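> Residue numbers (my numbering): 16 to 415. Attaching a single structure in C-alpha cells format; questions to follow.
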Amino acid sequence: MKFSRRTVLRSALAPAALGWAGNARAAAQATARHSSFDPWIEIRADHVRHNVREVSRLVERRPILAVIKNNAYGMGLLNMARILESEAAVIGMAVVKLSEALELREAGIVKPVLLMGPFDERDLEEAVMRDVTPMVYTEAGDALDRLAARRQTAIPVQVCVDTGMGRVGIPYRHAPGLIADLAGRDGVNLAGTMTTLNEDPDFEKLQLRRFRQVEDTLAAGGVAIGQRHAASSYGLFDNPPAYLDAVRPGMALFGQYSTQRFRELGLLDLRPSMSLKARVALVKHLREGDTAGYEAAYRAERNVWIATIPAGHVDGVPRVAAQGGWVRIGGTRYPIIASVSASHTIVEIGPEKTVEAGDVATYFDWQDGSRPEDASAASGASVYDLVMHLNPTLPRRLVS
16 MKFSRRTVLR SALAPAALGW AGNARAAAQA TARHSSFDPW IEIRADHVRH
66 NVREVSRLVE RRPILAVIKN NAYGMGLLNM ARILESEAAV IGMAVVKLSE
116 ALELREAGIV KPVLLMGPFD ERDLEEAVMR DVTPMVYTEA GDALDRLAAR
166 RQTAIPVQVC VDTGMGRVGI PYRHAPGLIA DLAGRDGVNL AGTMTTLNED
216 PDFEKLQLRR FRQVEDTLAA GGVAIGQRHA ASSYGLFDNP PAYLDAVRPG
266 MALFGQYSTQ RFRELGLLDL RPSMSLKARV ALVKHLREGD TAGYEAAYRA
316 ERNVWIATIP AGHVDGVPRV AAQGGWVRIG GTRYPIIASV SASHTIVEIG
366 PEKTVEAGDV ATYFDWQDGS RPEDASAASG ASVYDLVMHL NPTLPRRLVS
C-alpha cells in the first residue's frame, strides 16, 4: 500500500485525536516512541463496515451481536468497538473478560455489551453497575434481585444453555427450571437465551432440537426466553436454521473465513480488515555453506542474499512460519527461512540483492494471495492463531 501524506497524518493522529488509544495503558502505548523498524498493524475500517453489510445481507437483516473478544481478534478492542458503534445492523457487542466489558464502557461505548465470561458476585455488581449484561448459567437470581433493589430497576440478563458443547452453560435438561426462576423474578429482565454450537453439522442439528425443546417447555408454561441466538461466524455458512432471532459472528466481521471451504462457497464477500507489516532491518550476503537461525536451521546451498525483519513470534508471527511461510517485499514473495525467533524473521532473497534495508515487508494484508488465510495456510498454521496472537502492544494505524 502507498501512503499519501494525508493517510500518514491520519494514522499518526488517530490515537490522540480520535480516541483510538483507549484506556490509560493503551494511551501510553500509543504515545510511546516507536522505532521506524518496529512492526505495526494497519486497520481498514471500511472493510469492517463492508463485512457487516455482507453478514446482514446473508442473514436477511437479522440483528448482529458482534463478538469482539480477545482484543477483537487482533484488531484492538476499542478500534473495533468504535467502528461497530455506528453500524445500525449491530445491536451490541460481546466479550469474554470483565476487563474488556469495563474498558468498552470507560471508553464511552454505549451499545449493549454482553459479558460471556464467568463472574463472582462482586464482578456481577461491577458489571451491572456499568450497564453490562451478564450471561448467566448458574443460580444467580438472588444476587440479581439484590442488585435490582439497589438500582430500582430490573437487571437485563441472557441465559446460556449447554446443548452439547460442554464448555459453559446450564445443561439443557436443567435449563427450563433456571430460566423459569429468572423470568419469574421482578428484579430480572430475561433479554435473551443463547447456545454455542460445536461446528459439527450433524451434531448441531441435535443441539438446535435440544434448544427448541427448552423453548417449547417454557412456552407451555407461559415463559418467553427473549431474543434467541446461536450462529457464530462458522454457522453463517453451514447452518442457516441456527440464525434464529440474531446472529453472533466474530471472525467474519474481521474479514477472515474460518475454513477454505467457506471461502470457496461464495456466500460472503469478506474483506480482511488488518495487516501486519515491518521494515527490513538488515540485508546480508551468505556464501555457500553459511548458516542462519537457531541450531543452524538454514544452510545456504549457494551464494545467496538474506534479509532480517524485526518481527517475530512475540509480535504474532507463528513459529511454524518457517515451514513454508513467506513475506511480501516490493510485490515479491520471499520465503521465511531458518526459524522464527522472538523478535526476528529471516527471509531468503536470492542470488541478487533485490531488497534494501528500510523496505516494507508485509506478512499479510487484504490483497488476494496475501490474506491472513493465505499466510496461515502457507505454513500450516490456523488463521485464528495468526490474528488472535498479534501482540496487543503493537501500534495499530487506521488507513481508511
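For each residue, glycine too, the CB sits at the ideal point set by N, CA and C. All figures in this text were calculated on a predicted structure; none of them were measured in a lab.
1) Less than 8 Å separating the beta-carbons of I324 and T360?
2) Decide if Q275 is buried, meaning its Cβ has at least 16 other Cβ atoms within 10 Å, or exposed.
3) Closer than 8 Å by C-beta to S400: which residues in its own chain qualify, once you throw out the five before and the five after it? Chain order, please.
4) Spell out a yes or no on whether the region 221 to 235 and the region 51 to 60 are touching, meaning 3 or more CB-CB pairs, one atom from each, closer than 8 Å.
5) Rounded to the nearest angstrom, how far is the Cβ of I124 from that of I106, given a contact under 8 Å?
6) Using only the alpha-carbon positions, how far apart do L119 and L93 sit?
7) Helix or strand or just coil, what does DSSP make of L232?
8) Give me the residue from R411, A261 and Y187 with the minimum Cα distance to L73.
9) Classify M10 as helix, strand or coil using the three-state DSSP reduction.
10) What's the call for H189, buried or exposed, on a 16-neighbour Cβ count within 10 Å?
11) Quick one: what's got a C-beta closer than 7 Å to A32's C-beta in the same chain, skipping five residues either side?
12) Need the endpoints of the alpha helix (DSSP H) that G250 sits in, please.
13) Give the range of the beta strand (DSSP E) segment to which P4 is assigned.
14) Using only the alpha-carbon positions, how far apart do P59 and W381 sit?
15) Could you check the C-alpha separation between L297 and I351 for me, to the nearest Å?
16) What three-state label does DSSP hand V332 in the structure shown?
17) Please give the ranges of any beta strand (DSSP E) in the region 331 to 393, keeping only runs that are unbroken, at least 3 residues long and fully inside the region.
Well, looking at it:
1) Less than 8 Å divides the Cβ of I324 from the Cβ of T360.
2) Exposed, by the Cβ-count rule.
3) The sequence shown places Asp at residue 400, rather than the Ser named in the question. These residues qualify, in order along the chain: P333 and S391.
4) In this structure the region 221 to 235 does not lie against the region 51 to 60, because fewer than three pairs of beta carbons, one per stretch, are closer than 8 Å.
5) So it is not a contact: roughly 13 Å between Cβ atoms.
6) Distance between the alpha carbons of L119 and L93: 7 Å.
7) In the sequence on display, residue 232 carries Thr and not Leu. In this structure, T232 counts as helix in the three-state DSSP scheme.
8) For the residues R411, A261 and Y187, the minimum Cα distance to L73 belongs to A261.
9) Residue coverage of the chain in this structure runs from 16 to 415, which leaves residue 10 outside it and unanswerable.
10) H189 is exposed by the Cβ-count criterion.
11) Legend: pLDDT at A32 = 32, less than 50; position of this residue unreliable, value from coordinates given subsequently. Nothing meets the Cβ criterion.
12) Boundaries of the alpha helix (DSSP H) harbouring G250: S248 to D253, taken from the DSSP string.
13) It is not possible to answer for residue 4, since the shown part of the chain is limited to 16 through 415.
14) Per the sequence shown, residue 59 should be read as Arg rather than Pro. Rounded to the nearest whole angstrom, the CA to CA distance from R59 to W381 is 9 Å.
15) Rounded to the nearest angstrom, the two C-alpha atoms are 15 Å apart.
16) Shown here, V332 sits in coil according to DSSP, grouped into three states, outside any helix or strand.
17) Counting whole runs of 3 or more residues, the region 331 to 393 contains the beta strand (DSSP E) stretches 341 to 344, 347 to 352, 360 to 365 and 375 to 379.
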